[in-house]
Amino acid sequence: MTDFKADFHCHTHISDGTLSPEALIDLAAEQQITHLAITDHDTTLGYELAQPFAEKRGINLISGTEISCQWQGHTIHVVGLDVDVENQKLQSGLKINRIKRWLRAFEMDIKAQKRFPSLLTSILPKLESGMIGRNHFAQALIEKGIVPDQQKAFDRFLKQGRSLYVPVNWPDITEVVDWIVSAGGIAVIAHPHIYKMSANKLNKMIETFKDAGGEAIEVVNQPRVCSEQIGMAERAKRFNLYASLGSDFHKPEHTWRGLGWLSQMPEGVDPVWNHFKQTV
Ligand code: AMP
Ligand code: MN
Ligand code: MN
Ligand code: MN
C-alpha cells in the first residue's frame, strides 16, 4: 500500500469550514489523499454531500462527524468514524446538539447587540446549513471590522470568560460515545492535546471514554513529530486504543494547517483504518 494517504478530521462549509464539500474533495485529490473522513461539527451532511464527488475522484470517503460533549465540566470533541448515517439514535442526538447551538447563537447575539448591530443578521444570509458555531460569529466580527482575525475574535470575545461566551450544556461523553457505537462507528477522542487538563485528568477522561465503548484517539494532528504526538502514541498503546490521524482542516487561509499535512503514524500503534468495515 505505497500510495496510502489519509486525513480523518476536517471540515466543510456545512459546519465551520469554508470550502464546499465538492471543493474539499477537489483539494483532497490535489493533495493525493486516498482516504478521507469529513467530520463536520454535529452533522453528517458534509460527508453525505461529498460522497458523489469523492466517487468521481476515486477518493475513499469514510463517513464522519465531530460531536461536542462534556466530561467533568470540560467541553470535549469526539469524532465518530465509519458511522451509519441513517442511524436514528445518532441523528436525533446530532439534531439536539444543533438545536443547542441555535439557542446559544441567539443568546450570543443578544449579548453582542449591547455593543454592535446584530451579528446573526449578517451570519444568516450566508449560512449553509443547520449548524451554527462560534466561528460564524468570529467571521461576522471580522467582516464588521471589530477584530482583524479569527484568533483575536476568540481571544477578545468568544472564548470562555469573554463577553460573548455562552456555555452549552453538551451531552455527557458517555452518551455521545453510545450514539456512535449504536451507529456501528468508531468513537475517537479528537485533538486530545488541546484540553486544558492535567495528564492524570486526561487519563481519567480516557478511562471513562473507553468504558463507554470509545475505541480510538487522535495521535497524529500535525506535519511534524512533536512531544504531544509521542505522548498520545504512548497513551494509545497503554489504553489499548486505535490510533487515528487528522489535520482538523477548516480553511485554506490557515496556512499552518493544510488538508493531509500529517506525519507518519508512529510505529507500534494500531491504526484506526484497520478497523473500518470496508477493508482499507
Ligand atoms: P463551537 O463548537 O461552535 O463552540 O466552536 C468550536 C470551534 O471554534 C473549533 O472547532 C475551532 O474551529 C474554533 N475555535 C475554538 N477555540 C478557538 C480559538 N481559541 N481560536 C480560534 N479558533 C477556535
Ligand atoms: Mn471547528
Ligand atoms: Mn474540535
Ligand atoms: Mn474539528
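Here the working numbering is used: the first residue of the sequence shown is 76, the next is one more, and so on. A virtual CB, placed ideally from N, CA and C, is assigned to each residue, including glycine. Fair warning: this is a prediction, and the values are worked out from it, not measured in the lab.
Item: Residue 90, DSSP secondary structure in three states; Value: coil
Item: Given 8 Å, three or more beta-carbon pairs between the stretch 312 to 331 and the stretch 288 to 299; Value: yes
Item: Rounded C-alpha distance that separates residue 343 from residue 334; Value: 25 Å
Item: Bounding residues of the alpha helix (DSSP H) (the contiguous stretch that carries residue 270); Value: No alpha helix (DSSP H) holds residue 270; DSSP gives it neither H nor E.
Item: Residue 194 - containing beta strand (DSSP E), residue span; Value: No beta strand (DSSP E) contains residue 194, which is instead part of the alpha helix (DSSP H) from 194 to 198.
Item: For residue 89 and residue 250, believed in contact at Cβ under 8 Å, the rounded distance; Value: Between residue 89 and residue 250 the Cβ distance is about 23 Å, and since that is not below 8 Å, they are no contact.
Item: Coarse secondary structure for residue 283, derived from DSSP in three states; Value: helix
Item: Any non-hydrogen atom of ligand 2 within 7 Å of residue 210 CB; Value: yes
Item: Where the beta strand (DSSP E) through residue 139 begins and ends; Value: 139 to 146
Item: Spatially closest choice to residue 161 from 149, 146, 139, 143, by CA coordinates; Value: 139
Item: First through last residue of the alpha helix (DSSP H) which encompasses residue 350; Value: Segment: none, residue 350 is in no alpha helix (DSSP H) and carries neither H nor E.
Item: For residue 225 and residue 188, the rounded distance between their alpha carbons; Value: 20 Å
Item: Opposing strand residues paired with residue 150 [DSSP bridges]; Value: 145
Item: Same chain only: Cβ atoms within 8 Å of residue 259, ignoring 5 sequence neighbours per side; Value: 157, 158, 159, 162, 352
Item: Best match in 337, 210, 152, 267 for proximity to residue 303 [C-alpha to C-alpha]; Value: 267
Item: Cβ-heavy atom distance, residue 364 to ligand 4, below 7 Å; Value: The shown model of the chain, from 76 to 355, leaves out residue 364, and the question about it has no answer.
Item: Contact check, residue 292 vs residue 307, beta carbons under 8 Å; Value: yes
Item: Secondary structure, beta strand (DSSP E): runs of 3+ residues fully inside the stretch 299 to 335; Value: 317 to 320
Item: Residue 229: CB within 7 Å of a non-hydrogen atom of ligand 1; Value: yes
Item: Exposure of residue 339, with buried meaning 16 or more beta-carbon neighbours within 10 Å; Value: exposed
Item: Closest Cα partner of residue 150 within the set 264, 316, 167, 222; Value: 264
Item: 4-residue-minimum alpha helix (DSSP H) runs that sit fully inside the stretch 91 to 128, ordered along the chain; Value: 96 to 105
Item: Residues bridged to residue 62 (per DSSP); Value: In this structure the chain extends from 76 to 355, so residue 62 is not present and cannot be described.
Item: For residue 292: DSSP bridge partner residues; Value: 264, 318
Item: 8 Å contact criterion, which residue 294 and residue 318 should meet: CB distance rounded; Value: 4 Å
Item: Proximity winner among 186, 117, 254, 197, relative to residue 232 (alpha-carbon distances); Value: 186
Item: Residue range of the unbroken alpha helix (DSSP H) whose run includes residue 210; Value: 209 to 218
Item: Three-state secondary structure (DSSP) of residue 133; Value: coil
Item: Residues that DSSP places opposite residue 81 in a beta bridge; Value: 110
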